[in-house]
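Residue numbers (the numbering used here), protein chains in the order written: chain B, 39 to 390; chain U, 39 to 390; chain S, 39 to 390.
We put the beta carbon where it would ideally sit given N, CA and C, even for glycine.
Structure first, then comments.
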Amino acid sequence: MAYRLSELVEVLGKHGLPCVVEGEAGREIAGVATLEDAGPGEISFLANPKYEKALQTTKAGAVIVSREQTAPEGMTVLRAADPYAAVTVVIIQVHGYRQHPKVGVDARAVIHGSAAVGEGASIFHGVTIAENVKIGRNVVIYPGCYVAREVRIGDDCALYPNVVIYDGCVLGNRVTVHAGSVIGEDGLGYAPVKGKWQKIPQVGVVEIADDVEIGANCTIDRATLGRTLIGRGTKFSNLIAIGHGTKIGQDCMFVAQVGVAGSVTVGNHVTMAGKVGIAGHLNIGDNAQIAAMAGVMNDVPADSRVAGQPAAPIKDAMRSFSLVQRLPEIHKQIKRLEAEVESLKRALESKG
Amino acid sequence: MAYRLSELVEVLGKHGLPCVVEGEAGREIAGVATLEDAGPGEISFLANPKYEKALQTTKAGAVIVSREQTAPEGMTVLRAADPYAAVTVVIIQVHGYRQHPKVGVDARAVIHGSAAVGEGASIFHGVTIAENVKIGRNVVIYPGCYVAREVRIGDDCALYPNVVIYDGCVLGNRVTVHAGSVIGEDGLGYAPVKGKWQKIPQVGVVEIADDVEIGANCTIDRATLGRTLIGRGTKFSNLIAIGHGTKIGQDCMFVAQVGVAGSVTVGNHVTMAGKVGIAGHLNIGDNAQIAAMAGVMNDVPADSRVAGQPAAPIKDAMRSFSLVQRLPEIHKQIKRLEAEVESLKRALESKG
Amino acid sequence: MAYRLSELVEVLGKHGLPCVVEGEAGREIAGVATLEDAGPGEISFLANPKYEKALQTTKAGAVIVSREQTAPEGMTVLRAADPYAAVTVVIIQVHGYRQHPKVGVDARAVIHGSAAVGEGASIFHGVTIAENVKIGRNVVIYPGCYVAREVRIGDDCALYPNVVIYDGCVLGNRVTVHAGSVIGEDGLGYAPVKGKWQKIPQVGVVEIADDVEIGANCTIDRATLGRTLIGRGTKFSNLIAIGHGTKIGQDCMFVAQVGVAGSVTVGNHVTMAGKVGIAGHLNIGDNAQIAAMAGVMNDVPADSRVAGQPAAPIKDAMRSFSLVQRLPEIHKQIKRLEAEVESLKRALESKG
């Protein structure tokens, strides 16, 4: 749907993001695009100064910029205190979220007689729903998904194609799971018996709270006993592995390829950047920020930032990183010192 | 099924794990749970002293503890030399392993006329079995699995939903593959020809020996020629990548997100912790233990433990780690030394 | 199909790889195998001197070796300047590439009426093709694949089982995607609003150019706006994650478990070894080579090689690695120096 710039300004104002237009306030905007791709019917934005040069060449009909940004002569700009927040609102307004087709309960889906599916659900062909599953209202389940026995799924959830939920797991409301993710597979639970690995039955489940979004091809182990827990509002990217019995707090954000071992407790608002690894049985405090590729081997206090392998407070880690890179120079320094000490010794001896 | 504590003691004795009950030996136990979750009809355990505090507040009907553990007044405890081994036996006894539904060969499965499926198999709807596949007895294959032509699968295997086995691969007996894993995809085999990559046909297969368990969303490359091999009794967690032609020994355990490049030979009883990476063409000896996130660039001798990137013997790696973290302090030490040497020089010169 | 050695020499000559046979040029070759596995009707090769010992014990009917290689008495060898290039040609000639069954458009595939499928396609049962999808000629799509609305797929592509392509994504010609990979899932795009994460609609798509091959269980995020791009001829191994809006050049090769964050620009002919991580918004120049497990936090210039975490030029990184491993020794050196300086000071003082 198309909007005049002036209408978008009104929408932004309602979101607490007051903006002003410089230029053609009546211009019609039918889409949002990057500076590189945008045409005259589209709006773009500049939030990262790294991309400032593109402002000179963009064909965008209008650009959201900061209060201070200088803009080329004749360009229609929409000035906002926080261009990133503003463009988010504009994308939502102009494009909206992905609409799922309404297919009802497809007759080709394989649904056990004991399962209950709420109103408004779209259960596609090629879905399997096993014994005693309970599914809430307006849930969308795409082809190739397998929902094992005793699973409970709340309202307004979406499972993209080929998601597998093992037996007994529980999803809250408004949970989204992207394609190929597996929830509730057995964890790596074995006891050593005479040089072989004896499997320990994995009796627990996974519980995913409301408003969680899980990326593609993730794996979340069920608990050996009790629950593996993903807290309300937490967001995962792709290829993330969560070990058995781990409890993740609320409103966390985990970037791709993060791995958290078993029996870890993660607080609220924790950020883990790409490829972070967390060893088992640790506590990660609220608001902790873990830098990309960090290897965490000890508890992380609340409100702290860590980096490195093994992870250390980020300032220390950065200083260590930089000194490691200066090691060749430091090594020369030491050799020079040794030579000087040697010559001092000789000088002193010669003075007898 | 519920058991009296005295009956569980008997079972444990038969497993070579003699225990004694202090308290109510006649108490009925219907389940095993964590100290946090257990109720009066459940048994719990304390193996990791980290969780000792929970012993004070648990509502468990009984708790398996070590010989020496002090326990709260009035708590029924089951004392064992190895509480972890004991609770494993109790979980198996009380809960047992996951039971797969018996569905026979579902008429909606797509099975090529030339394929042979053994007695007692449960082949679900939504399974594809291609030309000349041979499947043993009592095999369970869940919906969404694809078994390509010429694959051979032994007895008592389980393929969870959406597993894909490429053409010609071989699974032994009692092999379990969790959801979404892919066995036998082409490895990264290309020859550079005039600045482009020419694909080398990947003619080999993957062979998985008896009693192997593969986690969810793993990928095991077929060999270019010959076989990629996973040895008897080896256990994989999730999101593990094995390169083409690599041969893994028996009774190994690999934690999530391990990656082993091609043409590697791994011995028996090797442990790789989370996110370990092994470069191509290396030998990893029997019983080697590779710490989490280690990057192995050289052969690892049998019975050794390595850590770090690049991996080194664990003692050396730990000393290096700790010195890296002390580098800022070491750097100051050096500066202090330089200053002192300088002042010594001047003092000596002043003495002319 | 079987070939005489003399015929293979002819084929190699036509590929610009002149070879000579020493021994039985009329020997029939029906397959290519490793030195370990090959029998008298098979040809093998020796390219990596590490495996030279196997030349003594192989039962291969003939072996491709280098010009200089000494070979056991009586062995039929085919001498080539580049044994690896030669065996590649021989594998292609003797074994060829995997042939996909020709199944036409299976009546059990679920194909929306508005979708168009080109001539010669093999669309298996269990495939879903949604609204307005356009699929070229001779495309093979295996069971369990889901092709969302508005996707365009060129000619001669192959999607192995359980591949998911999200709405609007574009694949060129001769693109291969291995089992379980997901193309075009939403990226990790959220704006912080009052301590919670507000989802930003992910409006962009993924575009994959001609001749790309994607391994198994990879995940390629769609762009927030515009396109995530995988350039012509690029090859991916398994479990690779590409962030939203990232643009990968032509003829790159990425090994398993590589992760590239969002908004990265990667040039042509770039190699990333296993588990490499690239932070967001960086530029990686043409022909760059990134060593296994490197963590790239800064732009990488064209034609350079980097290693380490954070990544540095490989020579520096190697020197730093080696000095880190010598840190215990260096630390002792410093302590020795301190002691000597101390004793020098005392000696000087004693001289008054």
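| Item | Value |
| --- | --- |
| Would a C-beta distance cut-off of 8 Å place TYR184(B) and THR166(B) closer than the cut-off? | yes |
| Taking three-plus beta-carbon pairs below 8 Å as touching, is the stretch 78-86 of chain U in contact with the stretch 47-64 of chain U? | no |
| Report buried or exposed for TYR135(U), applying the criterion of at least 16 other Cβ atoms within 10 angstroms of its Cβ. | exposed |
| Should SER381(U) be listed as close to the ligand PLP, given that the test is whether its C-beta is under 7 Å from any heavy atom? | In the structure shown, the ligand PLP is absent, as is every other ligand, since no ligand is present at all. |
| Report the rounded CA-to-CA distance for PHE292(B) versus THR114(U), giving the unit in angstroms. | 42 Å |
| Among ASP249(S), GLU111(S), VAL244(S) and ALA311(S), which one has its Cα closest to the Cα of SER275(S)? | ALA311(S) |
| Starting from VAL379(B), find everything on chain U with Cβ-Cβ shorter than 8 Å and list it in chain order. | VAL379 |
| Between GLN288(B) and the rest of its own chain, which residues show a CB-CB distance below 7 Å, the 5 nearest in sequence each way excluded? | GLY269, ARG270, GLY271, THR272 and ASN306 |
| Let me know if VAL243(U) comes out buried or exposed under the rule of 16 or more other beta-carbons within 10 Å of its beta-carbon. | buried |
| For the beta strand (DSSP E) holding GLU60(B), just list the boundary residues, first then last. | 57-60 |
| Once you ignore the five residues that flank ALA76(B) on each side, which residues in its own chain have a CB closer than 7 Å to its CB? | SER82, THR96, LYS97 and ALA98 |
| Report the three-state DSSP secondary structure of THR272(B) (helix, strand or coil). | coil |
| Since VAL298(S) contacts GLY323(S) with CB under 8 Å, what's their CB separation in whole angstroms? | Rounded, the Cβ-Cβ distance is 14 Å, inconsistent with contact. |
| Any idea if GLY222(B) is buried or exposed, counting beta-carbon neighbours within 10 angstroms, 16 or more meaning buried? | buried |
| If you reduce the DSSP assignment to three classes, tell me which class THR401(S) lands in. | No statement about residue 401(S) is possible, as the shown extent of chain S runs from 39 to 390 and does not include it. |
| Compare the Cα-Cα distances from LYS140(B) to each of GLU157(B), ASN325(B) and GLY206(B) and report the closest residue. | GLU157(B) |
| For a contact defined as C-beta to C-beta under 8 Å, what are the partners of LYS232(S) on chain B? | Result: empty, since nearest Cβ-Cβ is about 10 Å, beyond 8 Å. |
| List the residues of chain U that ASP337(B) touches, going by C-beta distances under 8 Å, in chain order. | Those within 8 Å of ASP337(B) in chain U number zero; the least Cβ separation is about 11 Å. |
| What residues from chain B crowd round PRO351(U), counting only those whose CB sits closer than 8 Å? | Those within 8 Å of PRO351(U) in chain B number zero; the least Cβ separation is about 17 Å. |
| THR108(B) to ALA123(B), Cα distance in whole Å? | 19 Å |
| Output yes if chain B places a C-beta closer than 8 Å to the C-beta of TYR122(U); else output no. | yes |
| Looking at the structure shown, is SER301(U) part of a helix, part of a strand, or coil, going by DSSP? | coil |
| Does the Cβ-Cβ distance between GLY218(S) and ASN255(B) come in under 8 Å? | yes |
| Does the beta-carbon distance from VAL208(U) to ARG190(U) come in below 8 Å? | yes |
| Kindly say whether PRO348(U), judged by its beta-carbon, lies nearer than 8 Å to any beta-carbon of chain S. | yes |
| In the structure shown, what three-state DSSP assignment does GLU74(B) receive? | coil |
| Excluding the five sequence neighbours on either side, which residues of its own chain have a C-beta within less than 7 Å of the C-beta of GLY333(B), listed in chain order? | GLY315, GLN347, PRO348 and ALA349 |
| Could you give the uninterrupted runs of the beta strand (DSSP E) lying entirely in the stretch 244-289 of chain B, keeping only those of 3 residues or more? | 257-259 and 265-268 |
| Would you mind telling me which residues of chain U sit closer than 7 Å to ARG270(B), beta carbon to beta carbon, in chain order? | Near ARG270(B) there are no residues of chain U at all, since even the closest Cβ is about 19 Å away, more than 7 Å. |
| Buried or exposed: where does GLN94(B) fall if 16 or more other Cβ atoms within 10 Å of its Cβ makes it buried? | exposed |
| Quick one: Cα of ILE102(B) to Cα of THR126(B), how far? | 11 Å |
| Of all the CB atoms in chain B, is at least one closer than 8 Å to the CB of THR214(S)? | no |
| Between the Cα of PRO230(B) and those of GLU106(U), ALA68(U) and VAL308(U), spot the shortest distance and give me the residue it belongs to. | VAL308(U) |
| Check this for me: beta carbons of GLY264(S) and GLU74(B), under 8 Å apart or not? | yes |
| If contacts are defined as beta-carbon pairs under 8 Å, then ILE129(U) and VAL143(U) qualify, I think. What distance do you get, rounded to the angstrom? | Not quite, the Cβ-Cβ distance comes to about 32 Å (not below 8 Å), so this is no contact. |
| Candidates ALA168(B), SER358(B) and VAL47(B): which alpha carbon is nearest ALA154(B)'s? | ALA168(B) |
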